[in-house]
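Data block below; observations after.
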Amino acid sequence: MDDFTRDPLYILDNNHTHLLLVDNGCHGHPTIEAKLRSQLEKYISERTSPGRYLGGGVLDVGALQWQLQRPLPVAKWCMAINTAVKSKIPCVVVEGSGQVADVIASLVELEDALTSSMVKEKLVRFLPRTVSRLPEEEIENWIKWLKEILESSHLLTVIKMEEAGDEIVSNAISFALYKAFSTNEQDKDNWNGQLKLLLEWNQLDLASDEIFTNDRRWESADLQEVMFTALVKDRPRFVRLFLENGLNLQKFLTDEVLSELFSNHFSTLVYRNLQIAKNSYNDALLTFVWKLVANFRRSFWKEERSSRDDLDVEIHDASSITRHPLQALFIWAILQNKKELSKVIWEQTRGCTLAALGASKLLKTLAKVKNDINAAGESEELANEYETRAVELFTECYSSDEDLAEQLLVYSCEAWGGSNCLELAVEATDQHFIAQPGVQNFLSKQWYGEISRDTKNWKIILCLFIIPLVGCGFVSFRKKPIDKHKKLLWYYVAFFTSPFVVFSWNVVFYIAFLLLFAFVLLMDFHSVPHTPELVLYALVFVLFCDEVRQWYMNGVNYFTDLWNVMDTLGLFYFIAGIVFRLHSSNKSSLYCGRVIFCLDYIIFTLRLIHIFTVSRNLGPKIIMLQRMLIDVFFFLFLFAVWMVAFGVARQGILRQNEQRWRWIFRSVIYEPYLAMFGQVPSDVDGTTYDFAHCTFTGNESKPLCVELDEHNLPRFPEWVTIPLVCIYMLSTNILLVNLLVAMFGVVLGGPGLSRGADEAMTCEAELWKMEKDTGAEAHFPGPGLGGECVTGEAQSRSVRGSQALGVGWMSRKRQRTVALHPSGPLWFPKPCYTVGTVQENNDQVWKFQRYFLVQEYCSRLNIPFPFVVFAYFYMVVKKVFKCCCKEKNTESSACCFKNEDNDTLAWEGVMKENYLVKINTKANDNSEEMRHRFRQLDTKVWLYL
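Under our numbering, the first residue of the sequence shown is numbered 108, with each subsequent residue one higher.
Okay, here's the thing in structure tokens:
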């Protein structure tokens, strides 16, 4: 290589990590270095590489001869192959590359005993010109070399030139090295060594076909070392193979193995993110997982300590952590985003539904604290996959046995922070899981208690006012009383302990409370409180006690709910109103108290919205209203900018040096706000300006008069103020109309219509990619070939609408029709949302919010308001006595060892196997369908071209 004419750096082959140039310094003698090269190859092949993972061990360094036709003397290459074979170096022969390679390939395929005449025949066939010029003695040497090569045919691997793709070549190299290793006298019975070799090369097919055969039995202990290597190297297919061939994962996962995984093969960045998430979110699962990781890393804490939290941590009950090795391994995999490996481990765990939801929650929480956007996106994607798995698995369970499936929902395990499926799904905001029918039916059972769900709600509410109807069979129950002598008592207890009855009674009480509050404010508010007002104080005290109970039960999570914040705000407003109101000697203080009460009444009344979110009819609409209000605030920013700009300009043009803040606010904010709704300002027109409604000194409760000129006339230029008002009112009305259209577009019609070929092309490209990835039928020929995006069912429904709008639509035959429009063709760049789509989404959100209300009333005391205050006093007294006479209970609770839990988990394991079989079957069907659609797509594309 000439450094003067070329760059000194050359990229010879991107597939190689190193390249050795072997040369003895001679010029004009091709392949003279063959002997030196073969010696070097033999030396390399005899070297070993020490094991880097648990258990140590060594791996042989493989060497291989690659044989294809090259522009060098045939004899030299024949001798080189002969030398390599004698050195036990395997060779890959490329059939079809010509000359010696074709001769060797044809001889390997022969089944009969090899003779000199057969070798000579092949030489004459493939090398006629070369052989014709050789003397007979040289031909005999060639025949001798080739026969010696063919004596070690186990070292030869033949591939065809036309099939020599990347995968074929890679497999051929691996297979050649494996054959050489497996036929070696020293290693032919070393199956463990062969397995290590294939694991290092990631050759699963070879391992399945050559090692894990029916005539060989593997013990669990034989596979533990390679299993550890497969886990560290993230080889999920090998992990599955080892599990299928007898590895006992429970015995494999000792404390030593888990400590090694969490110490030497666990990302420090993941550990830091986990610690940040634990400190940021007061969460039982995150705390437990962090303790689990810290427990297995305890021998390395001296290097890892960076905060006081590390120094002070103390694990009192390590058995609760080490008791669940499978879950620990699963957590190790998901924390590091080992997608496929975690799925293999998930299939082996008990409580798969709970594990999937726990993984979803962990991944979503860690995604919030990750600085790397790509890593956070991968965590979110994997979390969604596990949520989908939990939904599909629970659906499979619920379709088989509803009662056992409902037991899964309340099954908890300390490996997941002692939470059950419902709690983890809610904490992870897995709305799809909560919204599925099985979970909603379970919540409905909790909601109605012993009352049958077939009972009409109006019957239950009527029984609240006419209590004897309960014992008359007016309300049906899910079960019948066992003791018929206490039948009537059982009916009343079952009725009044139903969460729905408790909720209904609270609604009645709350409405009565609001009516009493309104009566006091409007008709009975005196300087000295009368009886109705005193009763009102007592009812608010009961509400205060209930909020204290909720705060005590929920802790710091109490204020994460906006409705709890509103309740607290309402109670503090009421207390402030009482403080002002009780100073009855001061009329101003009494009036301030009444004003505070009136504002507080608004807060208490708005609380009714939350109460009625449980309604199936009102709930989704309330959710829709909440979303609209949130979106409105973004539009209000545009109004505020334009309103402040107009208000300041108008005030500065009309008046000079207004010092009263109240009137500045009225002129800059309030009056422009009224003008937005059509109230035209009267002080911008000099001909109609009335000086009787303003003040020059600022001492009266009137706006400051406009600045006057030398003729005592308004100085402001009307040619500026009047057009400014007109432009402002026109612009704000346009903004209001756009706001209305945008909000209805979000709620009813989605993004609406959009013009432009660029957007249409984007839409077509997206659907083209969808068809390419999933094989689903899309109604267009491909990117750039035209057509609008109309999908599935919407296509048949959109025909009439598109004809009415003058917009063409795409038929199933992929015909392109775009009607002309005055401003250009109209396109549907994205599928438009419908009322049904939005309603379905809001319905899912409502079902998720419904969970909180159901659990709130299930956790309440089954005593009607306001008499529940006596139960609160009893609970306080009981708590005081328990604190004074507390007994330490150090006995740890058993987890996952109850008979009913074992039966439920065993049944879930069977359902999991059925679910996995369906997934695999569906995947195979989809692969066949995708190949069929690809063939159809290719045909159609060629037809269009």
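In this text, a Cβ means the ideal position worked out from N, Cα and C, and glycines have one as well.
Review point. Under the three-state reduction of DSSP, which class applies to Lys267: helix, strand or coil?
Key: The count along the sequence shown starts at 1 and reaches residue 267 at position 160. Reduced to three states, the DSSP call for Lys267 is strand.
Point to revise | Residue from Ile618, Gly793 and Ser696 with nearest C-alpha to His633 | key: Residue numbering aside, residue 633 sits at position 526 when the sequence shown is read from its first letter. Nearest of Ile618, Gly793 and Ser696 to His633, Cα basis: Ser696.
Exercise for review: Determine the contact status of Pro343 and Glu492, defining contact as a CB-CB distance below 8 Å.
Suggested key: Working through the sequence shown from its first residue, we reach residue 343 at position 236. Working through the sequence shown from its first residue, we reach residue 492 at position 385. Cβ distance not < 8 Å, so Pro343 and Glu492 don't count as in contact.
Point to revise | Asp707 to Leu689 span [Cα, whole Å] | key: Within the sequence shown, residue 707 is the residue found at index 600, counting from 1. Within the sequence shown, residue 689 is the residue found at index 582, counting from 1. Note on geometry: alpha-carbon atoms of Asp707 and Leu689 lie some 17 Å from one another.
Practice item. Name the two residues that bound the continuous beta strand (DSSP E) containing Glu202. Key: Taking the first residue of the sequence shown as position 1, residue 202 is located at position 95. Counting along the chain, the beta strand (DSSP E) containing Glu202 begins and ends at Cys198 to Glu202.
Review point. Secondary structure at Thr375, three-state DSSP: helix, strand or coil?
Key: Stepping through the sequence shown from its first residue, residue 375 is reached at position 268. Three-state result, Thr375: helix.
Review point. Counting only runs that start and end within the region 713-788, where is the alpha helix (DSSP H) found for 4 or more residues in a row?
Key: If we require 4 residues or more, the alpha helix (DSSP H) runs fully inside the region 713-788 come out as 725-761, 768-772 and 778-783.
Point to revise | First and last residue of the uninterrupted alpha helix (DSSP H) at Asn402 | key: Looking up residue 402 in the sequence shown gives position 295. Counted as a single uninterrupted DSSP element, the alpha helix (DSSP H) harbouring Asn402 occupies residues Ala391 to Phe403.
**Study point:** CB-CB length for Leu820 against Asp790, believed under 8 Å
**Key:** Looking up residue 820 in the sequence shown gives position 713. Looking up residue 790 in the sequence shown gives position 683. Rounded to whole angstroms, the Cβ separation of Leu820 and Asp790 is 14 Å, and the two are not in contact under 8 Å.
Review point. Are the region 515-523 and the region 569-576 touching, with three or more C-beta to C-beta distances below 8 Å?
Key: No, the region 515-523 is not in contact with the region 569-576.
**Study point:** Burial state of Asn389 (16 or more Cβ within 10 Å)
**Key:** If you number the sequence shown from 1, residue 389 lands on position 282. By the 10 Å Cβ count, Asn389 comes out exposed.
Practice item. Please classify Leu356: does DSSP put it in a helix, a strand, or coil? Key: For the purposes of this step, residue 356 is taken as the residue at position 249 of the sequence shown. Here DSSP, grouped into helix, strand and coil, assigns Leu356 to helix.
Review point. Which one of Thr675, Asp674, Ile703 and Val672 has the shortest CA to CA distance from Phe687?
Key: Here residue 687 is taken as the residue at index 580 of the sequence shown, counted from 1. Cα-wise, what sits closest to Phe687 is Ile703.
Practice item. Compare the beta carbon distance of Leu354 and Leu330 with 8 Å and say whether it is the shorter of the two. Key: As a first step, residue 354 is located in the sequence shown; it is residue number 247 there, counting from the start. As a first step, residue 330 is located in the sequence shown; it is residue number 223 there, counting from the start. Result yes, Cβ atoms of Leu354 and Leu330 sit closer than 8 Å.
Practice item. Report the residue from Asn564, Lys593 and Tyr598 whose alpha carbon sits nearest the alpha carbon of Gly98. Key: Nothing about residue 98 can be read from this structure; the chain reaches only from 108 to 1052.
Review point. Buried or exposed: where does Cys185 fall if 16 or more other Cβ atoms within 10 Å of its Cβ makes it buried?
Key: The sequence position of residue 185 within the sequence shown is 78, counting from 1. Taking all protein chains in view, the Cβ of Cys185 is crowded by 16 or more other Cβ atoms within 10 Å, so the residue is classified as buried.
Practice item. Under 8 Å by Cβ, that's how I've got Leu489 and Asn444 pegged, so tell me the actual separation to the nearest angstrom. Key: Translated into the one-based positions of the sequence shown, residue 489 becomes position 382. Translated into the one-based positions of the sequence shown, residue 444 becomes position 337. About 6 Å separates the two Cβ atoms, so the contact holds.
Practice item. Spatial neighbours of Glu557 within its chain, please: CB distance less than 7 Å, with the 5 preceding and 5 following residues excluded, ordered by chain position. Key: Counting from 1 along the sequence shown, the entry for residue 557 is found at position 450. If we look at Glu557 and ignore the five residues flanking it on each side, its Cβ neighbours are Phe584, Arg585, Lys586, Ala601 and Ser605.
Review point. Do the CB positions of Leu348 and Leu311 come within less than 8 Å of each other?
Key: Position 241 of the sequence shown holds residue 348. Position 204 of the sequence shown holds residue 311. Contact annotation: Leu348 and Leu311 have beta-carbon atoms nearer than 8 Å.
Practice item. Mind checking who Leu815 pairs with in its DSSP beta bridge? Key: In the sequence shown, the residue the question calls residue 815 occupies position 708. As DSSP reads the structure, Leu815 sits in a beta bridge with Pro821.
Check your understanding: What is the rounded straight-line gap between the Cα of Lys563 and the Cα of Thr495?
Key -> Here residue 563 corresponds to residue number 456 of the sequence shown, with the count starting at 1. Here residue 495 corresponds to residue number 388 of the sequence shown, with the count starting at 1. Lys563 and Thr495: Cα-Cα distance of roughly 34 Å.
Exercise for review: Tell me whether Lys409 is buried or exposed, calling it buried when 16 or more other Cβ atoms sit within 10 Å of its Cβ.
Suggested key: Mapped onto the sequence shown, residue 409 falls at position 302. Annotation note: pLDDT 47 at Lys409 (below 50); position unreliable, coordinate value reported separately. Burial call: exposed.
Exercise for review: Could you give the DSSP three-state label for Tyr518: helix, strand or coil?
Suggested key: Within the sequence shown, the letter at position 411 stands for residue 518. Note: Tyr518 maps to coil in three-state DSSP.
Check your understanding: So, do the region 448-456 and the region 477-486 have three or more beta carbon pairs nearer to each other than 8 Å?
Key -> With a cut-off of 8 Å, the region 477-486 and the region 448-456 do not count as touching, because too few Cβ pairs lie within range.
**Study point:** Distance CB(Leu392)-CB(Gly465) smaller than 8 Å
**Key:** The count along the sequence shown starts at 1 and reaches residue 392 at position 285. The count along the sequence shown starts at 1 and reaches residue 465 at position 358. Yes, the pair counts as a contact, with Cβ atoms nearer than the cut-off.
Check your understanding: Ser281 by DSSP, collapsed to three states: which one?
Key -> Position 174 of the sequence shown, counted from the start, is the residue given in the question as residue 281. In the structure shown, Ser281 sits in a helix (DSSP, three-state: H, G or I).
Point to revise | Residues bridged to Thr802 (per DSSP) | key: Start at 1 with the first residue of the sequence shown, and residue 802 comes out as number 695. Residue pairing by DSSP places Thr802 opposite Leu811 in a beta bridge.
Practice item. Would you check if there are 3 or more beta carbon pairs closer than 8 Å linking the region 249-265 to the region 217-234? Key: With contact defined as three or more Cβ pairs closer than 8 Å, the region 249-265 and the region 217-234 are in contact.
Check your understanding: Quick one, which of Leu622, Ala799, Val533 and Val721 has its alpha-carbon nearest Ala467's?
Key -> By 1-based counting over the sequence shown, the position of residue 467 is 360. One point to set straight first is that residue 467 is Ser, not Ala, in the sequence displayed. When the alpha-carbon of Ser467 is set against those of Leu622, Ala799, Val533 and Val721, the nearest one is in Val533.
Exercise for review: Give me the Cα-Cα distance between Trp953 and Gln733, rounded to the nearest whole angstrom.
Suggested key: Mapped onto the sequence shown, residue 953 falls at position 846. Mapped onto the sequence shown, residue 733 falls at position 626. Distance between the alpha carbons of Trp953 and Gln733 is about 11 Å.
Point to revise | Inside the region 549-609 only - alpha helix (DSSP H) runs reaching at least 4 residues | key: Fully enclosed alpha helix (DSSP H) runs of 4 or longer: 564-572 and 594-603.
Practice item. For my contact list, Val199 and Ile318 are in at a C-beta cut-off of 8 Å; report their separation, rounded to the angstrom. Key: By 1-based counting over the sequence shown, the position of residue 199 is 92. By 1-based counting over the sequence shown, the position of residue 318 is 211. Not confirmed; about 21 Å, so no contact.
Review point. Can you name the start and end residues of the alpha helix (DSSP H) that Thr502 belongs to?
Key: Locating residue 502 in the sequence shown gives position 395, where the first residue counts as 1. Segment Ile480 to Ser507, the alpha helix (DSSP H) holding Thr502.
Practice item. Classify Ser526 as helix, strand or coil using the three-state DSSP reduction. Key: Here residue 526 refers to the residue found at position 419 when the sequence shown is read from its first residue. Secondary structure of Ser526 (DSSP, three-state): strand.
Exercise for review: Excluding the 5 residues preceding and the 5 following Phe746 in the sequence, name in chain order all residues of the same chain whose CB lies nearer than 8 Å to its CB.
Suggested key: The count along the sequence shown starts at 1 and reaches residue 746 at position 639. Excluding residues within five positions, the ones whose Cβ falls inside 8 Å are Met783, Thr839 and Leu842.
Exercise for review: Could you tell me how far apart the beta carbons of Ala191 and Val201 are, in whole angstroms, since I believe they sit closer than 8 Å?
Suggested key: Residue 191 sits at position 84 when you count from the first residue of the sequence shown. Residue 201 sits at position 94 when you count from the first residue of the sequence shown. Between the beta-carbon of Ala191 and that of Val201 there is about 15 Å, and that puts the pair past the 8 Å contact cut.
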